[in-house]
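Engineer: Quick one: the structure is below, and I'll ask about it shortly.
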Amino acid sequence: MKYFLSGVIALFSMNLLAAECTSSVPENFTKVGETRLSVYFWDVYDATLYSPSGKYNQDERQALMLDYLRDIKAKDLIETTEEEWQKLGLNSDSHEKWLTKLDSIWPDIKEGDCLLLVEKSNGAAEFYQGDKLLGEIDDNEFTEQFLAIWLSEESRFKSERNELIGEK
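Going letter by letter, the sequence shown gives residues -18 to -1, 1 to 150 in mature numbering (1 follows the signal peptide of the UniProt record, and there is no 0).
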């Protein structure tokens, strides 16, 4: 019974953390799709995409929420971001500046934590953890390239991309 209660409490706590993350999704946004990223046999995170129309349209503002299913160091998230940009062939003279900014705002992630990117009307990216604003990168090219990791047709996780944009 003790282990059952511990499991229920852990699940309840994770649901509370997920609920905290959705509190920073703009009120007029609706869920487009969701997916789980697993690498080999490790579940890494659940991703949910939101937009004002509830449909994926590259020209519309987006919000991307990642609910982490394992601990990940911020430096590993930043390295993976850079690697994914390289795999997509995305180049910018600003990559180093953006990665340095991410290093100053992203925390180490614990299982059950979430990160949320909200695209502002001017194209800037705001990052939240729960209802706490972590920081902003005021560059629409950053926002496009960051979201491309998940949303580009060239994303290396094709089936997850399709689920995320609502094309199951």
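Each residue gets a CB set at the ideal place from its N, CA and C atoms; glycine is no exception.
Because the structure is a prediction, the values reported are computed rather than measured.
(1) Give me the DSSP bridge partner(s) of residue 24.
(2) Can you check the segment 39 to 97 for any alpha helix (DSSP H) of at least 4 residues that lies completely inside it and give the ranges in chain order?
(3) Mark residue 27 as exposed unless 16 or more other C-beta atoms lie within 10 angstroms of its C-beta, in which case mark it buried.
(4) Using three-state DSSP, classify residue 33 as helix, strand or coil.
(5) Where residue 16 and residue 145 are concerned, what is the direct C-alpha to C-alpha distance, given to the nearest angstrom?
(6) Give the DSSP-derived three-state secondary structure of residue 102 in the structure shown.
(7) Suppose contacts are defined by Cβ-Cβ distances below 8 angstroms. Is residue 51 in contact with residue 25 by that definition?
Structural biologist: Reading from the atomic positions:
(1) 21
(2) 56 to 70, 77 to 87
(3) buried
(4) strand
(5) 6 angstroms
(6) coil
(7) yes
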